[in-house]
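Respectively, the protein sequence lines represent chains A and B.
Everything in the first sequence is counted per my numbering, starting at 49 for the first residue and increasing by one.
Everything in the second sequence is counted per my numbering, starting at 521 for the first residue and increasing by one.
For each residue, glycine too, the CB sits at the ideal point set by N, CA and C.
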Amino acid sequence: GNSVTQMEGPVTLSEEAFLTINCTYTATGYPSLFWYVQYPGEGLQLLLKATKADDKGSNKGFEATYRKETTSFHLEKGSVQVSDSAVYFCALSDRRDDKIIFGKGTRLHILP
Amino acid sequence: NAGVMQNPRHLVRRRGQEARLRCSPMKGHSHVYWYRQLPEEGLKFMVYLQKENIIDESGMPKERFSAEFPKEGPSILRIQQVVRGDSAAYFCASSPPGLAGGRGNEQFFGPGTRLTVL
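In structure tokens, the structure reads:
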């Protein structure tokens, strides 16, 4: 079945550091891929998405590229801020049905 | 345009009681999804509903759990005779109707209800 694997946290970085959170997936067909962010005490917000191979999703300085050959969708940001501290979820949606399959989440701490 | 609303935000129940969680989708959205997040886990799909219809309940436990989305009013996730293992955050998401129902459309999430079973 479909699944998402992302690097375990917590990840602790200093402000302005480069961020990579790895995500790989297993899916039949051609899923859509997402990164969601959950700030403390809040629900999930869609951060970015990509719907086909080689698409790059980007938002708020974050980027992720849909790599079909490596079945990956790694999240990157060139210079993180304290306000980026949150839990980040990689996810996929198989367009044949309606479920979103989530990874376990990666907690990110940014130190000032 | 208000986002997805869920209430209560926090719910405490004793073992054996019933829990009712409510979700009001975004205006214009006719598709509702419920997910459960256990501590230190990702979200797991439970059920997908349209107005007055359950479309996919493959993630719902077979006993004690039920969901509805009536013609009027919010969607309700009901857990009967709660046990400690039901303690989790329950998230609702909604999406607009699309060319093929809600399939493939972006889902917008509510803030969640955190259920604690004593």
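Determine the burial state of residue i: buried for a count of at least 16 other Cβ atoms within 10 Å of its Cβ, exposed for fewer.
i: Ala620 (chain B); result: The predicted position of Ala620 (chain B) is uncertain, since its pLDDT is 49 and thus under 50; a value taken from the coordinates is nonetheless stated next. Exposed is the call here.
i: Pro528 (chain B); result: exposed
i: Ala101 (chain A); result: exposed
i: Ser51 (chain A); result: exposed
i: Phe66 (chain A); result: exposed
i: Ala613 (chain B); result: buried
i: Ser62 (chain A); result: exposed
i: Val603 (chain B); result: exposed
i: Gln86 (chain A); result: buried
i: Leu563 (chain B); result: buried
i: Gly105 (chain A); result: buried
Mind checking which residues open and close the beta strand (DSSP E) that includes residue i?
i: Arg634 (chain B); result: 633-637
i: His122 (chain A); result: Segment: none, His122 (chain A) is in no beta strand (DSSP E) and carries neither H nor E.
i: Thr60 (chain A); result: 59-62
i: Gln86 (chain A); result: 80-86
i: Asn70 (chain A); result: Taken as a continuous stretch (DSSP letters only), Asn70 (chain A) belongs to no beta strand (DSSP E), as it is neither H nor E.
i: Gly48 (chain A); result: With chain A covering only 49 through 160, there is no way to say anything about residue 48 (chain A).
i: Gln601 (chain B); result: Gln601 (chain B) -> no beta strand (DSSP E), and no H or E assigned at all.
i: Ala139 (chain A); result: 134-141
i: Asn573 (chain B); result: 573-576
With distances taken from CA atoms, which of the options is nearest residue i?
i: Gly161 (chain A); options: A:Ala134, A:Asp142, A:Asn107; result: Lying before the first or after the last residue shown, residue 161 (chain A) is absent from chain A, which here runs from 49 to 160.
i: Pro88 (chain A); options: B:Gly632, B:Thr636, B:Leu638, B:Val637; result: B:Gly632
i: Tyr136 (chain A); options: A:Phe121, A:Trp83, A:Glu124; result: A:Trp83
i: His530 (chain B); options: B:Glu626, B:Ser615, B:Phe611, B:Phe629; result: B:Phe611
i: Thr119 (chain A); options: A:Val130, A:Ser80, A:Thr68; result: A:Ser80
i: Thr113 (chain A); options: A:Thr53, A:Gly57, A:Cys71; result: A:Cys71
i: Asp103 (chain A); options: A:Val85, A:Val130, A:His122, A:Gly91; result: A:His122
i: Leu156 (chain A); options: A:Gln93, A:Ala134, A:Thr68, A:Val128; result: A:Ala134
i: Glu626 (chain B); options: A:Leu92, A:Glu124, A:Gly57; result: A:Leu92
i: Glu64 (chain A); options: A:Val128, A:Glu90, A:Leu96, A:Gly109; result: A:Val128
i: Arg572 (chain B); options: B:Asp606, B:Phe589, B:Met566; result: Just to set this straight, residue 572 (chain B) is Glu in the shown sequence, not Arg. Glu572 (chain B) has its Cα closest to that of B:Phe589, out of B:Asp606, B:Phe589, B:Met566.
i: Ile69 (chain A); options: A:Gly109, A:Ile158, A:Thr154; result: A:Thr154
Would you say residue i and residue j are within 8 Å of each other, going by their C-beta atoms?
i: Arg540 (chain B); j: Val637 (chain B); result: no
i: Gln537 (chain B); j: Ser550 (chain B); result: no
i: Val524 (chain B); j: Phe628 (chain B); result: yes
i: Ile575 (chain B); j: Asp146 (chain A); result: yes
i: Lys116 (chain A); j: Gln54 (chain A); result: no
i: Gln526 (chain B); j: Gly630 (chain B); result: yes
Compute the Euclidean distance between the alpha carbons of residue i and residue j, then round it to the nearest angstrom.
i: Ala522 (chain B); j: Ser615 (chain B); result: 14 Å
i: Ala139 (chain A); j: Thr74 (chain A); result: 11 Å
i: Trp554 (chain B); j: Leu597 (chain B); result: 8 Å
i: Gly49 (chain A); j: Thr76 (chain A); result: 8 Å
i: Arg542 (chain B); j: Pro594 (chain B); result: 6 Å
i: Phe585 (chain B); j: Arg634 (chain B); result: 16 Å
i: Ala98 (chain A); j: Tyr568 (chain B); result: 23 Å
i: Gly579 (chain B); j: Glu560 (chain B); result: 19 Å
i: Glu111 (chain A); j: Gly548 (chain B); result: 30 Å
i: Leu95 (chain A); j: Ala608 (chain B); result: 23 Å
i: Pro581 (chain B); j: Ser544 (chain B); result: 22 Å
i: Pro160 (chain A); j: Val130 (chain A); result: 6 Å
i: Phe565 (chain B); j: Glu577 (chain B); result: 9 Å
i: Glu583 (chain B); j: Pro58 (chain A); result: 35 Å
i: Phe150 (chain A); j: Glu56 (chain A); result: 13 Å
i: Gln601 (chain B); j: Met546 (chain B); result: 30 Å
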